[in-house]
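For the sequence shown, my numbering gives the first residue as 7, with consecutive numbering after it.
Each remark here refers to the structure printed beneath this line.
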Amino acid sequence: MFNSIKTAEDIMCFLDKTNSLHDSYIIKVEYINDGIAKIENGHYFNPEQTKLILKILVTSIYDSVVEIEFENLAEWQIKDNQWEITDTSVIFNKQKYIVWSDDNFVDTDEFKKGSYVIAKSMKWRIV
């Protein structure tokens, strides 16, 4: 069963239950775009029909795998440098989007150096 992130309390629960993804590694990335339609003179891309699924191996909680699913993507970047994630951040930005980052950050320029996702929704579960 997935747990949705809709409030600050949901974020705190995610960070607590996943140990802030401390000592973890991204092991699978899946991007889905079901919102591409043919229009006159090109194509239309509907961001509301986008999805990104991450599977993250968290060695600090007995090699558990955390699955995170983002929908309605505004922006995302996954960097595979094989370095461990030592901490993670999840916030709501001014536009009410969820921002996930594979590290703590202070500003936009800082979190864009690593893996991050900006999306309308986020849900997670331990697989």
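Just so you know, even glycine gets a beta-carbon here, dropped at the ideal spot from N, CA and C.
All values derive from a computational prediction rather than experimental measurement.
Looking only at DSSP bridge pairs, what is Y68 linked to?
-> Within the DSSP secondary-structure output, Y68 pairs in no beta bridge.
| said: Quick check on DSSP: helix, strand or coil for I11? | reply: Of the three classes helix, strand and coil, the one that applies to I11 here is coil, per DSSP.
Worksheet item: Residues bridged to Q83 by DSSP?
Response: Q83 is bridged to Y122.
- Between K4 and the rest of its own chain, which residues show a CB-CB distance below 6 angstroms, the 5 nearest in sequence each way excluded? The question about residue 4 has no answer, for the chain in this structure spans 7 to 133.
Open item on the list: Once DSSP output is grouped into helix, strand and coil, what is the label at K34?
Closed with: Three-state DSSP puts K34 in a strand.
Under 7 angstroms, Cβ to Cβ, is there at least one residue of chain B near K129? Protein chains in the displayed structure number just one, and chain B is not present.
Quick check: the Cα distance between F76 and L27, rounded to an integer number of angstroms?
Approximately 16 angstroms, taken between the alpha carbons.
Checklist entry - Does the beta-carbon of M18 have 16 or more other beta-carbons within 10 angstroms, so that it is buried, or is it exposed? => result So M18 ends up on the exposed side.
Compute the Euclidean distance between the alpha carbons of F20 and K12, then round it to the nearest angstrom. Answer to the nearest angstrom: the Cα atoms are 11 angstroms apart.
With a Cβ-Cβ cutoff of 7 angstroms, do D86 and N110 count as a contact? No, these two residues do not count as a Cβ contact at 7 angstroms.
Margin query: Counting C-beta neighbours from all protein chains within 10 Å, is the total for F117 16 or more, i.e. buried, or is it exposed?
Written below: Answer is buried; the Cβ neighbour count reaches 16.
> Can you give the Cα-Cα distance for K119 and L79, rounded to whole angstroms?
Replying inline: Going from the Cα of K119 to the Cα of L79 covers about 18 angstroms.
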